[in-house]
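Contents: one structure, followed by commentary.
2 protein chains.
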Amino acid sequence: MQRVVTLKPFSLITPTASIAVDTHGGRAKCLQRLLRLGLPVPDTVALSFETVRRIAAGNLPDMQAVLNACGDRPLVSVRPSSMDPDWGGPRAVLNVGMTEERHAALSGSHGELAATTLYLRFIQSYAVHVARLDPDMFDLPEVPTRAEIERMLRTFREETDEDFPQDPAVQLGEVLRSIARAWEGTTSRLLRQAKGAPADAGLGLVVQEMALGLGPAESGSGVVQFVDGSTGERRVEGRYLRQGQGRDAVLGSPGAARIACDPNGQSLEDLCPDILRQLVEHGHTCRKSLREEMQIEFTIESSRLRILDAVRVARNSRAALRIAVSLANDGIVSPDEAVLRIDPRALTELLHPQVSVDAPRDVVARGIAASPGAATGRIVFSSTAAQASAAGGEACILVRRETAPEDIRGMHAAAGVLTERGGQTSHAAVIARGIGLPCIVGTSGIKIRQRQGSLVLEDGRRFSEGDLITLDGATGEVLAGAVDMVGPTLDDSFKTLLGWADEARDMGIRANADTPAEARVASRFEAQGIGLCRTEHMFYEDDRLTVMREMIFAKSSEDRQATLDQLLPMQRADFVELFEIMQGKPVCIRLFDPPLHEFLPSAREDQRALAESLDLPIAEVTSRVEQLSEFNPMLGMRGVRLGVTVPEIYDMQARAIFEATIAASHSGAPVVPEVMIPLVSARREVEIVKTRIDAVAAAVRVETGENLDYRLGVMVETPRACLRAHEIAAHSAFLSFGTNDLTQMTYGLSRDDAGRFMSDYVNQGVFLEDPFHILDVDGVGELLVLGATRGRQTSPGITLSVCGEHGGNVESIEFCRDAGFDYVSCSPFRVPVARLAAAHLALRRRKVT
Amino acid sequence: MQRVVTLKPFSLITPTASIAVDTHGGRAKCLQRLLRLGLPVPDTVALSFETVRRIAAGNLPDMQAVLNACGDRPLVSVRPSSMDPDWGGPRAVLNVGMTEERHAALSGSHGELAATTLYLRFIQSYAVHVARLDPDMFDLPEVPTRAEIERMLRTFREETDEDFPQDPAVQLGEVLRSIARAWEGTTSRLLRQAKGAPADAGLGLVVQEMALGLGPAESGSGVVQFVDGSTGERRVEGRYLRQGQGRDAVLGSPGAARIACDPNGQSLEDLCPDILRQLVEHGHTCRKSLREEMQIEFTIESSRLRILDAVRVARNSRAALRIAVSLANDGIVSPDEAVLRIDPRALTELLHPQVSVDAPRDVVARGIAASPGAATGRIVFSSTAAQASAAGGEACILVRRETAPEDIRGMHAAAGVLTERGGQTSHAAVIARGIGLPCIVGTSGIKIRQRQGSLVLEDGRRFSEGDLITLDGATGEVLAGAVDMVGPTLDDSFKTLLGWADEARDMGIRANADTPAEARVASRFEAQGIGLCRTEHMFYEDDRLTVMREMIFAKSSEDRQATLDQLLPMQRADFVELFEIMQGKPVCIRLFDPPLHEFLPSAREDQRALAESLDLPIAEVTSRVEQLSEFNPMLGMRGVRLGVTVPEIYDMQARAIFEATIAASHSGAPVVPEVMIPLVSARREVEIVKTRIDAVAAAVRVETGENLDYRLGVMVETPRACLRAHEIAAHSAFLSFGTNDLTQMTYGLSRDDAGRFMSDYVNQGVFLEDPFHILDVDGVGELLVLGATRGRQTSPGITLSVCGEHGGNVESIEFCRDAGFDYVSCSPFRVPVARLAAAHLALRRRKVT
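Chains as they are written, first to last, in numbering that gives the first Met the number 0: chain V, 0 to 848; chain G, 0 to 848.
Structure (structure tokens):
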């Protein structure tokens with residue numbers, strides 16, 4: 000049976016009154032807490048959501064009773080109190096109760112100037128916000144005079160055909176009704192729903208006796224907080240305005256002074272050091288008891304401090320992190336709670352430089368924000384130019400129609416990447432996120448005139464090679480020139496918090512890392528291993544590319560073998576380095592995956608050069624290129640299909656891995672490499688590759704006389720591999736789900752080509768989100784669960800993981816944890832986010848159970 | 000509890016003896032049947048599988064008892080009797096029992112020449128097949144003499160160190176043992192397993208008293224049948240050899256005579272008309288009672304007819320069909336049984352011309368047999384040349400590296416297509432099957448030198464444009480020059496049988512037909528409608544292509560609309576024609592599917608021409624082509640993705656369909672068109688397209704003032720559409736599963752690129768079959784079942800079908816029927832096969848239940 004609670008229409012807030020956030024709103028509750036802490040809060044009455052709803056419907060409670068409850072003071076303020084301050088709401092109305100009679104009385108007690116000022120302010124506020132009259136007619140005068148009062152009252156009468164109400168109870172009633180109705184209005188409702196409020200979100204109101212802040216002796220108002228909202232460092236800051244009311248001090252009032260001591264001697268500390276001492280004490284009390292850094296709104300009325308309100312200090316991610324850690328270090332909150340207080344997504348901006356919030360922005364183009372961070376550099380149009388620029392110590396931005404594997408070295412050399420085409424998971428985007436490079440893709444408004452070395456924008460502006468631009472990878476905006484930046488923050492607080500996160504989480508986090516540089520980042524961010532090491536980039540370096548091409552032109556298995564033998568020592572050295580960096584942590588190496596034609600030049604002149612270097616007729620080169628070219632390379636002769644039909648490549652790679660294992664185990668921690676077969680769609684593919692790789696391992700054991708252990712597994716990235724996971728698992732130590740390719744195949748959607756219509760699709764709600772960005776739980780997700788369940792059926796102890804781009808995504812991590820995956824692997828720069836997100840999940844589930 | 004049946008080691012075959020095919024083999028059973036029919040079969044003893052197994056193991060039953068059971072005749076023959084005659088087996092051994100003593104006796108009764116001939120034959124047969132001596136040492140002499148007998152007996156003694164056995168019981172024992180062991184040998188076992196025999200297939204043997212066929216009065220042997228094995232027409236044919244034994248008459252003996260009257264007066268009819276009359280009578284008896292056309296093996300011994308054996312007449316598909324229909328028409332078998340007697344696969348060869356079996360074959364290359372039938376024509380290397388050749392009335396073979404949509408008109412003009420690249424489901428293969436054109440793809444050994452207008456083969460031979468070649472689409476062989484052909488057969492029997500099949504089947508069969516020509520074939524083959532009409536080909540015709548290109552270059556929705564308005568009347572005419580041909584049967588029209596770049600020229604010179612015709616700078620053309628080009632067109636901006644982002648195309652098509660519906664309904668049967676949305680992966684795609692198409696229908700209703708009905712459905716070809724079928728079905732009247740694309744996406748395998756390694760994959764057993772050829776029941780099949788089940792969950796009455804290439808495949812039809820699909824749709828030329836296959840399934844299931 001539902002319990003019906005009948006609330007009083009209004010309650011004076013006392014330490015024991017029945018006030019709750021979900022009946023009276025956050026402000027009312029906070030004021031009660033301040034009262035309980037003994038802070039000098041003026042008498043305040045709270046009106047419940049229910050009461051405000053009735054007021055909107057026309058049922059006013061007894062206004063005089065409300066006024067009486069607010070004590071014997073002549074004036075009151077009305078402030079909104081919703082469940083969540085972020086939902087917005089009507090503005091506060093001050094000085095309710097100002098009438099001719101009160102004006103006369105206040106002129107006596109506080110002086111005519113103060114009384115006139117308050118009266119004018121209230122008339123204006125009431126006329127504009129309650130009577131909804133034209134604000135231009137109620138401008139406040141420079142000098143408050145009786146004549147101005149008369150003018151405003153007359154205007155009010157003319158516009159409304161009524162006299163300005165002179166009964167405080169009537170005034171309060173009209174103010175409350177106006178606010179209550181504004182909250183129910185469509186505009187407000189849509190606005191707050193956009194911020195996550197439920198459709199039936201209620202509004203409470205607080206009616207508080209006014210502490211005037213104007214008048215004789217030291218009077219004024221201000222805000223103070225005890226922490227820096229942008230760094231999280233503890234220090235007193237705020238603004239104080241003599242003869243000010245409400246938030247006047249922070250609303251850009253030029254007369255406002257600092258709180259703490261300043262050179263002009265005009266700060267609050269200078270003016271009333273005792274009051275500052277009281278404030279600091281209140282601040283300490285709040286921090287400890289409310290377990291949060293609060294900003295306090297106060298008024299000094301004739302040298303007497305009154306605390307009107309306190310709200311959570313606004314802060315950026317960096318400050319939030321430091322505040323949480325500091326609260327935990329001081330024993331005020333638990334480390335777990337500190338962890339939960341930081342949104343994992345917010346970590347991203349700490350890991351990269353950002354365009355300064357205050358910097359002027361000359362936006363010249365907009366694209367898809369594909370990799371976070373900001374970078375300034377000179378425009379280059381080719382990877383060669385990027386490398387030249389880097390060699391000359393000049394930061395550059397690589398601008399391309401789209402990038403291809405040949406551009407990797409250029410990308411490594413650049414400070415940022417801008418492409419005309421592509422989506423969230425285009426080559427440029429994926430690689431950029433992998434190496435932590437700011438990147439904007441799908442900038443469809445720009446036109447690259449590579450030959451003329453220029454970049455034409457939608458508005459006709461033209462940039463040339465060498466011109467400075469700035470990429471804001473957080474917003475997807477391209478800015479002209481150099482722009483002020485703020486640097487990344489990896490301070491002790493960061494490390495402490497992530498340490499606590501690691502203690503809380505119950506799911507592994509690895510990094511996708513292909514190069515020693517990436518592996519070092521992974522290690523620095525304390526990934527628990529490498530979940531995906533793509534090996535193909537290792538074949539693009541100049542000396543290796545030549546050998547690769549020789550292999551492609553080999554006429555027999557023996558010739559192929561012979562050319563691959565030249566690559567063996569290089570591959571071995573690659574792996575030794577990775578194993579050493581990862582110090583015995585698991586490294587999962589994906590065997591060669593791309594189609595061979597990616598290694599052949601497509602331009603005629605490059606083909607001629609290749610023909611020369613291989614001493615072949617150009618016709619032979621051209622014909623081989625044509626032979627190998629594919630309609631849909633994504634779905635072609637790559638991955639395990641190469642492994643089965645040209646087995647020499649995998650043989651060489653397996654040997655390199657095993658020899659490196661032995662070498663690295665000599666010089667450091669013992670290594671158990673993980674070897675992963677890509678693009679599997681049938682059990683037999685695994686059997687065939689496994690047989691050969693086991694044979695290579697056996698041969699290496701015999702040749703070296705050393706023992707050698709390894710784990711062979713499968714990258715599950717075709718729908719069929721998910722469906723047949725029970726068969727495939729029988730031969731696999733692990734299944735790692737490649738959600739990029741799996742998403743492509745499940746949707747029948749190439750990530751490289753989807754960029755062109757993805758925004759249309761998301762805008763029209765065809766896809767709620769870009770499925771390459773946010774895991775498609777309904778479709779791809781079902782295949783993941785199906786694959787995981789079937790895999791565990793055959794092989795209960797099998798390791799399950801996700802190694803696609805989604806691995807670093809908060810929603811996807813939750814999905815994977817629920818599906819019982821052992822770990823996720825993501826871009827090295829996403830590792831902290833993933834560690835924190837996993838901790839959140841574990842902590843929240845622990846709370847629930 | 001298993002019942003143990005103890006069989007006698009041997010049984011004299013009598014009408015009531017316990018003889019069964021699965022214990023004694025087919026020949027023993029057939030002989031019993033002949034006896035029951037009162038045919039003059041010599042005494043015969045049947046040895047069971049079990050007995051023969053024991054003989055192989057060394058346990059001989061009492062041989063004298065066997066001989067005694069065979070009656071009082073001096074000689075016996077031994078013949079194999081396995082469960083299925085196709086499994087092969089040891090050869091027959093005749094004249095067992097010939098000894099010196101029998102020789103003397105026979106010389107008296109049948110003359111010395113006959114006796115000596117029989118003795119020599121037996122010694123030879125025993126020495127070679129039982130004692131396994133060198134056949135060269137036992138050649139039969141031209142003239143049989145006593146000296147030859149002595150020579151052979153001496154050779155036997157020298158080679159075996161034993162005398163030739165003179166005890167008939169010993170001879171028989173050795174013969175049986177030898178045959179029994181041969182059956183158990185590895186070679187025989189592998190051979191018969193390759194033909195489908197189980198590992199433990201048994202062999203029975205029949206020992207029959209010899210009717211000699213040699214000797215005084217009219218003596219000889221022959222075979223006779225009463226139907227033509229290659230046409231199925233009823234007539235007496237066979238061979239008879241005087242003084243011959245066993246199958247001498249048919250083993251190419253030059254003295255053999257015809258059975259029926261011949262000009263030389265030497266036929267059996269001429270020699271012994273009475274015996275022929277008996278044979279004809281026996282033939283009638285057999286046909287009626289054994290319900291089959293039998294070939295009878297007979298011997299005439301001193302003018303007395305003996306029937307040694309009868310076997311099913313060997314026949315080709317055409318004859319098989321006519322025989323089955325004739326048996327049913329004569330009331331001997333039921334129409335259902337006639338239907339079941341014809342293998343659906345066998346129909347294929349009836350629908351196309353074939354290379355004559357006897358024609359000499361100069362095979363110059365081998366590829367994948369992608370579309371059946373044979374064609375001879377002059378080599379052309381381009382679609383233009385093909386059209387020119389066709390215009391000149393000269394049959395041509397279009398030879399291409401691979402075909403593209405631009406080649407469609409060339410393919411229509413050609414008599415056959417040969418491509419270097421591609422697999423069973425490459426563009427060339429699919430289109431060729433669709434239009435019933437012989438086609439060979441993946442002919443990797445050939446090299447096309449398009450510029451020089453020549454074709455170089457693996458062996459270095461060179462063909463030039465204009466040279467004659469022949470494609471054998473049944474074998475995948477390319478033959479030099481023109482070759483003799485036999486024509487297709489669509490006679491009354493064919494129609495009758497398929498009529499019976501239609502009565503039996505419980506599943507619909509439609510055809511995939513894009514053009515009026517294909518629709519006419521579909522109609523001729525009595526498809527129940529068009530299951531898939533691809534509309535894109537309609538945009539490739541010259542005048543339309545230009546308009547298409549203008550549309551692609553349109554700068555606004557209005558411009559696009561205006562160019563599409565030009566296509567509207569043409570599309571409408573297309574549909575009117577299709578509706579008229581199909582006479583009110585359902586026509587399922589797939590909305591525009593291919594990526595737009597397929598309509599733009601890729602060659603520089605063609606781009607220039609386009610720029611001229613559109614009056615645009617070439618740079619704009621080039622840049623648009625580049626902009627639209629895709630990495631993986633298969634997974635790109637096509638299908639419903641175009642429908643959502645460039646909705647004007649679907650609007651135009653919908654209008655054309657609806658206007659055509661009204662026009663065609665005026666002139667003929669009422670039409671309810673089916674409109675199908677391709678490449679769906681999300682519910683919302685369907686909603687968006689449905690809203691627009693419903694609006695077009697409403698507009699057409701208002702404009703014409705006529706009623707108009709239509710069904711909107713979805714082509715399910717992405718794994719995600721299968722997984723979300725319950726959502727998609729809510730907005731669909733039907734779901735048609737496109738198994739081509741679904742297979743591509745489930746495997747992550749492009750059908751256009753798979754050809755390169757598919758044969759490797761099938762050879763290594765990675766895939767048991769090419770999944771584009773035979774439906775992958777395990778993976779793709781699971782998605783089909785899942786999609787069907789979920790679709791029916793939401794929408795129990797929804798129509799389910801398969802419209803991929805698999806639709807015409809016998810195994811796939813079975814799968815679809817089991818999964819509860821309403822119909823399958825396949826190439827028009829596969830429709831008869833599908834109708835028959837569906838009938839088989841229905842009849843078999845009816846038998847089971």
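Backbone N, C-alpha and C define an ideal beta-carbon position, used for all residues, glycine too.
Residues bridged to residue i (per DSSP)
| i | result |
| --- | --- |
| G/Pro79 | G/Leu204 |
| V/Val221 | Rather than Val, the amino acid found at residue 221 of chain V in this sequence is Gly. In DSSP, V/Gly221 forms a bridge with V/Tyr239, V/Phe297. |
| G/Asp884 | This structure cannot speak to residue 884 of chain G, because chain G is shown only from 0 to 848. |
| G/Gly415 | G/Ile396 |
| V/Met675 | V/Arg589, V/Gly712 |
| G/Leu531 | G/Asn511 |
Within chain G, the residues that residue i reaches when beta carbons sit closer than 9 Å
| i | result |
| --- | --- |
| V/Pro632 | Phe630, Asn631, Ser749, Asp752 |
| V/Asp505 | By Cβ distance, chain G contributes nothing, its closest Cβ being about 29 Å from V/Asp505, past 9 Å. |
| V/Tyr649 | None at all; the shortest Cβ gap to chain G is about 14 Å. |
| V/Arg789 | Residues of chain G passing the Cβ test: none, with the nearest at roughly 11 Å. |
| V/Arg843 | The contacting residues do not exist; V/Arg843 stays about 28 Å from chain G at best. |
Neighbour list for residue i in chain G, Cβ cutoff strictly below 8 Å
| i | result |
| --- | --- |
| V/Met675 | Within 8 Å Cβ-Cβ: nothing; V/Met675 doesn't reach chain G, min ~16 Å. |
Closest by C-alpha distance to residue i, when choosing among the options
| i | options | result |
| --- | --- | --- |
| G/Asp501 | G/Gly803, G/Ser794, G/Glu300, G/Ala836 | G/Ala836 |
| G/Asn853 | V/Thr644, V/Glu813, V/Ile656 | The displayed coordinates of chain G run from 0 to 848. Any statement about residue 853 of chain G would go beyond what the structure contains. |
| V/Met581 | V/Glu619, V/Ser522, V/Ala608 | V/Ser522 |
| V/Val142 | V/Val279, V/Thr798, V/Leu112 | V/Leu112 |
| G/Thr703 | G/His283, G/Gly376, G/Arg176, G/Ala662 | G/Ala662 |
Listed by chain order, chain V residues near residue i by CB distance under 7 Å
| i | result |
| --- | --- |
| G/Arg755 | Met636 |
| G/Asp740 | Gly747 |
| G/Met744 | Pro718, Met744, Gly747 |
Integer Cβ distance of residue i from residue j, believed to fall under 8 Å
| i | j | result |
| --- | --- | --- |
| V/Val713 | V/Ile676 | 5 Å |
| G/Phe828 | G/Arg432 | 7 Å |
| G/Gly422 | G/Asp769 | 7 Å |
Cross-chain neighbours of residue i in chain G, by beta carbon under 7 Å
| i | result |
| --- | --- |
| V/Phe766 | Ala681 |
| V/Gln763 | Val643, Ile687 |
Closer than 9 Å at the beta carbon, the chain V residues around residue i
| i | result |
| --- | --- |
| G/Leu774 | Correct list: empty, because the minimum Cβ distance to chain V is about 13 Å. |
Under 8 Å by beta carbon: chain V residues contacting residue i
| i | result |
| --- | --- |
| G/Asp759 | Val643, Thr644 |
Discussion item. Ignoring anything shorter than 3 residues, give me the beta strand (DSSP E) runs that lie fully in the stretch 423-505 of chain V, in order along the chain.
Written reply: 438-440, 446-448, 453-455, 461-463, 467-471, 476-479
Practice prompt. Taking only runs that begin and end inside the stretch 692-766 of chain V, name each unbroken beta strand (DSSP E) of 3 or more residues, in chain order.
Written response: 710-715, 733-736
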